[in-house]
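Student:
Okay, structure coming up:
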């Protein structure tokens with residue numbers, strides 16, 4: 010048997026395992042504009058623990074972005090995230106005036122001129138996305154959560170982070186998605202497809218919550234009911250983080266979990282307030298803030314010169 | 041800015057808060073750096089280009105254990121870090 014035949018027979022014998030947790034990676038840019046017309050182009054790269062985003066800002070306005078999963082190498086993830094959009098719009102690294110790295114892997118962005126914490130960048134990004142009325146930001150990331158207060162300019166006035174465990178984060182939702190064998194994008198809508206809202210999963214730890222979810226399935230809960238119980242647990246978990254610094258009007262959620270209505274609507278229900286609406290992908294808030302910081306720095310340099 | 045360093049887990053909340061507006065013009069000559077027996081504080085330039093104290097990253101997840109010696113059970117009647125910080129920028133949550 011030659012190598013090709015052997016490989017084919019192995020592929021037939023072991024069907025590809027479906028990865029339910031894998032969320033959609035996407036590249037978006039404004040096709041009505043040409044980046045070549047811009048005087049200042051800045052880029053923000055957010056290398057998070059789970060996802061990486063590259064955002065391009067032309068003259069202070071969002072132009073485009075690329076979002077993808079972080080690999081096992083932060084510099085490569087940063088390069089790939091930026092290359093993903095540059096290839097599509099015909100841009101080269103030399104065309105970008107300033108690059109700011111942020112997120113968990115911000116010090117490992119090889120071509121960044123400056124690194125800024127994700128706390129400051131999320132506040133700045135949320136200020137752009139939700140407007141200057143945004144005061145309280147909840148960043149629900151892949152492996153940590155942050156509660157942030159900011160002023161009308163998007164400057165941080167108070168922040169609190171919990172990065173000690175993954176409870177109430179995107180990774181926990183991925184684990185449940187895989188356990189239920191339901192695509193991650195469907196979890197939110199399906200969590201509302203229950204007759205009676207179940208009690209929240211009581212374990213705050215991702216590992217224990219997985220065991221508890223399995224126990225609920227064995228006890229006769231439907232998948233939708235288990236998902237609802239988990240979404241409620243996540244909401245309660247992050248609200249307890251928020252309560253420590255308080256929630257003001259102008260509430261805004263950033264990060265990947267902001268795209269899960271099952272968690273977002275439950276947070277709104279517990280807090281009794283609606284979050285500020287935006288049409289921009291909430292997952293890019295950090296990278297967008299970083300690019301906007303870059304734009305401000307370029308303007309300062311131009312003034313000084 | 042109020043910067044909270046620490047965590048919350050099943051046993052409680054452990055945060056050291058630093059009011060950076062008070063910390064910027066330190067009236068205590070950065071005494072927190074030498075007051076902490078565990079050497080947990082250092083001066084950094086923050087995102088807004090201000091020189092302020094923060095709790096070193098490697099210390100933020102072990103505050104419950106690292107600060108134990110300075111709590112009343114360790115024989116102290118007041119915390120060395122908060123006592124040294126005369127502007128009152130440093131606070132403990134527990």
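Chains as they are written, first to last, in our numbering: chain A, 10 to 314; chain B, 41 to 134.
We treat Cβ as the ideally placed atom computed from N, Cα and C, and that holds for glycine.
Using a Cβ-Cβ cut-off of 8 Å (strictly less than) and excluding sequence neighbours within five positions of residue 100(B), which residues of its own chain qualify?
Tutor: For this step, residue 100(B) is matched to residue 60 along the second chain. The answer, listed in chain order, is 45, 46, 47.
Student: Quick one: Cα of residue 29(A) to Cα of residue 189(A), how far?
Tutor: On the first chain, position 20 is the one that residue 29(A) refers to. On the first chain, position 180 is the one that residue 189(A) refers to. Inter-residue distance for residue 29(A) and residue 189(A) is about 9 Å (C-alpha atoms, whole angstroms).
Student: Kindly indicate which three-state DSSP category residue 56(B) falls into: helix, strand or coil?
Tutor: The sequence position of residue 56(B) within the second chain is 16, counting from 1. Under the three-state reduction of DSSP, residue 56(B) is assigned to strand.
Student: Between residue 87(B) and chain A, is the shortest Cβ-Cβ distance under 9 Å, so that the two count as touching?
Tutor: The residue given as residue 87(B) occupies position 47 in the second chain. Residue 87(B) counts as touching chain A.
Student: In chain D, what lies closer than 9 Å to residue 174(A) by C-beta?
Tutor: Annotation note: the requested chain D is absent from the structure, which comprises protein chains A and B.
Student: Which value, in whole angstroms, describes the spacing of the CA atoms of residue 101(A) and residue 121(A)?
Tutor: On the first chain, residue 101(A) is found 92 positions in, with the first residue counted as 1. On the first chain, residue 121(A) is found 112 positions in, with the first residue counted as 1. Their Cα atoms are separated by approximately 14 Å.
Student: Got a sec: is the Cβ-Cβ distance from residue 64(B) to anything in chain A below 9 Å?
Tutor: For the purposes of this step, residue 64(B) is taken as the residue at position 24 of the second chain. It does not: the Cβ of residue 64(B) has no partner Cβ on chain A nearer than 9 Å.
Student: According to DSSP, simplified to helix, strand and coil, what is residue 149(A)?
Tutor: For the purposes of this step, residue 149(A) is taken as residue 140 along the first chain, with counting starting at 1. Three-state DSSP puts residue 149(A) in a strand.
Student: Apply the 10 Å Cβ neighbour rule to residue 56(B) and answer buried if 16 or more other Cβ atoms are within range, or exposed otherwise.
Tutor: Position 16 of the second chain, counted from the start, is the residue given in the question as residue 56(B). Counting Cβ neighbours within 10 Å, residue 56(B) comes out buried, since at least 16 surround it.
Student: Return the Cβ separation of residue 292(A) and residue 268(A) in integer angstroms, given the expectation that the two are a contact with Cβ distance under 8 Å.
Tutor: Taking the first residue of the first chain as position 1, residue 292(A) is located at position 283. Taking the first residue of the first chain as position 1, residue 268(A) is located at position 259. Yes, they are in contact, since the Cβ atoms of residue 292(A) and residue 268(A) sit about 7 Å apart, within 8 Å.
Student: For a quick check, are the C-beta atoms of residue 212(A) and residue 200(A) less than 9 Å apart?
Tutor: As a position in the first chain, residue 212(A) is number 203, starting the count at 1. As a position in the first chain, residue 200(A) is number 191, starting the count at 1. Going by C-beta atoms, residue 212(A) is not nearer than 9 Å to residue 200(A).
Student: Following the continuous beta strand (DSSP E) through residue 70(A), name the residue where it begins and the one where it ends.
Tutor: What you label residue 70(A) is simply residue 61 of the first chain in a count that begins at 1. Note, residue 70(A): beta strand (DSSP E), 70-78.
Student: Grab the span of the alpha helix (DSSP H) containing residue 310(A) for me, first residue to last.
Tutor: Here the question's residue 310(A) lines up with position 301 in the first chain. From DSSP, the alpha helix (DSSP H) with residue 310(A) extends over 294-313.
Student: At what residues does the beta strand (DSSP E) containing residue 61(A) begin and finish?
Tutor: Counting from one through the first chain, the residue named residue 61(A) turns up at place 52. Taken as a continuous stretch (DSSP letters only), the beta strand (DSSP E) holding residue 61(A) covers 60-67.
Student: Determine whether the beta carbon atoms of residue 177(A) and residue 242(A) lie at a separation below 9 Å.
Tutor: Counted from its first residue, the first chain places residue 177(A) at position 168. Counted from its first residue, the first chain places residue 242(A) at position 233. In contact: residue 177(A) and residue 242(A) (Cβ atoms closer than 9 Å).
Student: How big is the Cα-Cα spacing for residue 99(A) and residue 91(A)?
Tutor: In the first chain, residue 99(A) corresponds to position 90, counting from 1. In the first chain, residue 91(A) corresponds to position 82, counting from 1. When rounded, the distance between both Cα atoms is 12 Å.
Student: Is there a C-beta anywhere in chain A that falls below 9 Å from the one on residue 55(B)?
Tutor: Numbered from 1 along the second chain, position 15 holds the residue referred to as residue 55(B). Interface residue, yes.
Student: For chain A, check one thing: does any of its Cβ atoms lie closer than 9 Å to the Cβ of residue 41(B)?
Tutor: Numbered from its first residue, the second chain carries residue 41(B) at position 1. At least one chain A Cβ lies under 9 Å of residue 41(B).
Student: Strictly by DSSP, which residues pair up with residue 201(A)?
Tutor: As a position in the first chain, residue 201(A) is number 192, starting the count at 1. BP columns for residue 201(A) are empty, so no partner.
Student: Taking residue 67(A) as the reference, which of 312(A), 314(A), 118(A), 307(A) has the closest Cα?
Tutor: Mapped onto the first chain, residue 67(A) falls at position 58. It is 307(A) whose Cα lies nearest to the Cα of residue 67(A).
Student: Going by C-alpha distance, which of 161(A), 63(A), 209(A), 191(A) is nearest residue 257(A)?
Tutor: Taking the first chain and counting its residues from 1, the one referred to as residue 257(A) is at position 248. Of 161(A), 63(A), 209(A), 191(A), the residue nearest in Cα terms is 161(A).
Student: Would you say residue 201(A) lies against chain B (beta-carbon separation less than 9 Å)?
Tutor: One-based indexing of the first chain puts residue 201(A) at position 192. Residue 201(A) does not count as touching chain B.
Student: Just the Cα atoms here: how many angstroms apart are residue 155(A) and residue 43(B)?
Tutor: Looking up residue 155(A) in the first chain gives position 146. Looking up residue 43(B) in the second chain gives position 3. Computed Cα separation, rounded: 12 Å.
Student: Just to confirm before moving on: does the CB-CB distance between residue 111(A) and residue 56(A) stay below 9 Å?
Tutor: Here residue 111(A) refers to the residue found at position 102 of the first chain. Here residue 56(A) refers to the residue found at position 47 of the first chain. In this structure, residue 56(A) lies closer than 9 Å to residue 111(A) by Cβ.
Student: Note down, one range per segment and in chain order, each alpha helix (DSSP H) of at least 4 residues found wholly within the stretch 231-291 of chain A.
Tutor: 232-254, 270-280
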